[in-house]
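This report concerns only the one structure given below.
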Amino acid sequence: MGQEIEKKFLVKDGINIDELGQAVRITQGYLSSVKERTVRVRIKGDGGFLTIKGIGNDSGASRYEFEQSITTKDANDLLKICEPGVIDKTRTNVVIERHTFEVDRFFGENQGLIVAEVELTSENEDFTKPSWLGAEVTGDPKYYNSMLMKNPYSSWK
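The opening position of the sequence shown corresponds to residue 428 in the working numbering, with each subsequent residue numbered one higher.
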(Lines of atoms letter the chains of each structure in order from A and count residues from 1; the text may use other names and numbers.)
(Lines give C-alpha, C1' and ligand atoms only; values in the text may rest on other atoms or scores of the structure.)
Protein backbone atom coordinates (compact mmCIF):
# COMPACT_ATOMS: atom_id res chain seq x y z
CA MET A 1 0.00 0.00 0.00
CA GLY A 2 1.06 3.56 -0.36
CA GLN A 3 1.77 5.49 -3.52
CA GLU A 4 0.32 4.10 -6.75
CA ILE A 5 2.03 5.14 -9.98
CA GLU A 6 0.35 4.07 -13.19
CA LYS A 7 -0.21 5.15 -16.76
CA LYS A 8 -3.43 4.51 -18.64
CA PHE A 9 -3.94 4.01 -22.38
CA LEU A 10 -6.76 3.29 -24.76
CA VAL A 11 -6.53 -0.06 -26.54
CA LYS A 12 -6.63 0.11 -30.32
CA ASP A 13 -9.71 -1.13 -32.18
CA GLY A 14 -9.54 -4.54 -33.78
CA ILE A 15 -7.48 -6.21 -31.05
CA ASN A 16 -8.87 -9.56 -29.89
CA ILE A 17 -8.57 -9.18 -26.12
CA ASP A 18 -9.49 -12.86 -25.62
CA GLU A 19 -6.20 -13.83 -27.28
CA LEU A 20 -4.17 -11.83 -24.74
CA GLY A 21 -4.94 -14.09 -21.78
CA GLN A 22 -7.48 -15.24 -19.20
CA ALA A 23 -10.02 -12.60 -18.18
CA VAL A 24 -11.46 -12.16 -14.67
CA ARG A 25 -14.86 -10.54 -14.08
CA ILE A 26 -14.92 -7.41 -11.91
CA THR A 27 -17.96 -5.67 -10.43
CA GLN A 28 -17.37 -2.48 -8.51
CA GLY A 29 -19.16 0.45 -7.00
CA TYR A 30 -18.22 3.58 -5.10
CA LEU A 31 -19.14 4.55 -1.56
CA SER A 32 -17.49 7.92 -2.27
CA SER A 33 -16.48 9.26 -5.67
CA VAL A 34 -15.23 12.73 -4.77
CA LYS A 35 -11.85 13.47 -6.35
CA GLU A 36 -10.13 14.07 -3.02
CA ARG A 37 -10.88 10.47 -1.94
CA THR A 38 -12.60 7.64 -3.71
CA VAL A 39 -13.77 4.64 -1.74
CA ARG A 40 -14.34 1.62 -3.97
CA VAL A 41 -15.94 -1.74 -3.29
CA ARG A 42 -14.93 -4.48 -5.71
CA ILE A 43 -15.66 -8.11 -6.36
CA LYS A 44 -12.89 -9.58 -8.50
CA GLY A 45 -13.36 -13.23 -9.30
CA ASP A 46 -14.02 -14.87 -5.92
CA GLY A 47 -12.54 -12.07 -3.80
CA GLY A 48 -13.85 -8.87 -2.27
CA PHE A 49 -11.84 -5.67 -1.82
CA LEU A 50 -12.25 -2.24 -0.26
CA THR A 51 -9.98 0.42 -1.76
CA ILE A 52 -9.38 4.05 -0.83
CA LYS A 53 -7.57 6.32 -3.28
CA GLY A 54 -6.42 9.89 -2.69
CA ILE A 55 -6.31 12.75 -5.14
CA GLY A 56 -3.80 12.39 -7.97
CA ASN A 57 -0.76 14.57 -8.55
CA ASP A 58 -0.63 17.12 -11.41
CA SER A 59 0.04 14.48 -14.08
CA GLY A 60 -2.62 12.15 -12.71
CA ALA A 61 -0.14 9.24 -12.70
CA SER A 62 0.51 9.09 -8.95
CA ARG A 63 -1.78 8.97 -5.93
CA TYR A 64 -2.17 7.34 -2.54
CA GLU A 65 -3.88 3.93 -2.52
CA PHE A 66 -4.97 1.66 0.33
CA GLU A 67 -6.57 -1.71 -0.42
CA GLN A 68 -7.90 -4.34 1.96
CA SER A 69 -9.37 -7.77 1.23
CA ILE A 70 -12.91 -8.29 2.50
CA THR A 71 -15.33 -11.20 2.16
CA THR A 72 -17.47 -11.38 -0.96
CA LYS A 73 -20.53 -11.28 1.32
CA ASP A 74 -19.34 -7.97 2.79
CA ALA A 75 -18.54 -6.68 -0.72
CA ASN A 76 -22.02 -7.61 -1.97
CA ASP A 77 -23.61 -5.94 1.07
CA LEU A 78 -21.55 -2.76 0.53
CA LEU A 79 -22.41 -2.69 -3.19
CA LYS A 80 -26.06 -2.28 -2.15
CA ILE A 81 -25.30 1.11 -0.54
CA CYS A 82 -22.92 2.43 -3.20
CA GLU A 83 -23.60 5.47 -5.32
CA PRO A 84 -25.62 4.74 -8.49
CA GLY A 85 -23.70 3.33 -11.45
CA VAL A 86 -21.99 -0.01 -10.93
CA ILE A 87 -18.94 -0.74 -13.11
CA ASP A 88 -18.96 -4.12 -14.89
CA LYS A 89 -15.80 -5.19 -16.68
CA THR A 90 -13.32 -7.98 -17.27
CA ARG A 91 -9.60 -7.68 -16.62
CA THR A 92 -6.87 -9.49 -18.50
CA ASN A 93 -3.31 -9.26 -17.18
CA VAL A 94 -0.75 -9.17 -19.98
CA VAL A 95 2.94 -9.45 -19.12
CA ILE A 96 5.27 -7.54 -21.45
CA GLU A 97 8.88 -7.97 -20.36
CA ARG A 98 8.99 -6.88 -16.69
CA HIS A 99 5.65 -5.03 -16.63
CA THR A 100 2.07 -6.24 -16.34
CA PHE A 101 -0.62 -4.40 -18.30
CA GLU A 102 -4.11 -4.66 -16.85
CA VAL A 103 -6.48 -4.61 -19.82
CA ASP A 104 -10.06 -3.73 -18.86
CA ARG A 105 -12.98 -4.39 -21.22
CA PHE A 106 -16.13 -2.64 -20.03
CA PHE A 107 -19.75 -3.79 -20.34
CA GLY A 108 -23.17 -2.29 -19.74
CA GLU A 109 -23.28 1.47 -20.27
CA ASN A 110 -19.50 1.49 -20.82
CA GLN A 111 -19.63 -1.21 -23.54
CA GLY A 112 -16.99 -0.63 -26.20
CA LEU A 113 -14.41 1.02 -23.93
CA ILE A 114 -11.15 -0.88 -23.53
CA VAL A 115 -8.27 0.59 -21.52
CA ALA A 116 -4.91 -0.71 -20.34
CA GLU A 117 -3.01 0.39 -17.25
CA VAL A 118 0.60 -0.30 -16.31
CA GLU A 119 1.96 0.19 -12.81
CA LEU A 120 5.39 1.77 -12.56
CA THR A 121 7.97 2.46 -9.85
CA SER A 122 8.37 6.08 -11.02
CA GLU A 123 6.59 8.35 -13.48
CA ASN A 124 9.67 8.41 -15.71
CA GLU A 125 10.23 4.64 -15.75
CA ASP A 126 10.75 3.22 -19.24
CA PHE A 127 8.53 0.37 -20.39
CA THR A 128 7.89 -1.43 -23.65
CA LYS A 129 4.62 -0.38 -25.24
CA PRO A 130 2.83 -3.22 -27.00
CA SER A 131 1.54 -2.52 -30.52
CA TRP A 132 -2.08 -2.63 -29.34
CA LEU A 133 -1.70 0.40 -27.04
CA GLY A 134 -3.40 3.51 -28.33
CA ALA A 135 -3.51 7.06 -27.02
CA GLU A 136 -2.40 7.76 -23.47
CA VAL A 137 -5.25 8.98 -21.24
CA THR A 138 -3.37 9.15 -17.91
CA GLY A 139 -4.86 11.88 -15.74
CA ASP A 140 -7.95 12.38 -17.94
CA PRO A 141 -10.74 12.22 -15.34
CA LYS A 142 -13.40 10.98 -17.77
CA TYR A 143 -11.54 7.63 -17.93
CA TYR A 144 -11.54 7.14 -14.14
CA ASN A 145 -13.87 4.32 -13.16
CA SER A 146 -15.41 6.63 -10.56
CA MET A 147 -16.39 8.99 -13.40
CA LEU A 148 -17.51 6.24 -15.79
CA MET A 149 -20.27 5.35 -13.34
CA LYS A 150 -21.56 8.95 -13.50
CA ASN A 151 -20.87 9.69 -17.15
CA PRO A 152 -20.72 6.35 -18.98
CA TYR A 153 -18.85 5.83 -22.23
CA SER A 154 -22.12 5.27 -24.14
CA SER A 155 -23.16 8.86 -23.42
CA TRP A 156 -19.98 10.35 -24.95
CA LYS A 157 -20.93 9.67 -28.57
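By construction, the Cβ of each residue, glycine as well, lies at the ideal position given by its N, Cα and C atoms.
- For D501, the secondary structure class from DSSP, reduced to helix, strand or coil, is helix.
- Ranked by how close their Cα comes to the Cα of R525, the residues S558, I432, L547 have L547 in first place.
- With a cutoff of 7 Å on beta-carbon distance, K507 and E492 are scored as not near each other.
- Under the DSSP assignment, S573 falls in the alpha helix (DSSP H) whose first and last residues are 572-575.
- Counting the other Cβ atoms within 10 Å of the Cβ of K584 gives fewer than 16, which makes it exposed.
- Within the same chain, and ignoring the five residues on either side of I523 in sequence, the residues whose Cβ sits closer than 6 Å to its Cβ are T555, P557.
- Non-local C-beta neighbours of T517 in its own chain, meaning closer than 6 Å and more than five positions away in sequence, comprise A450, R452, R532, ordered along the chain.
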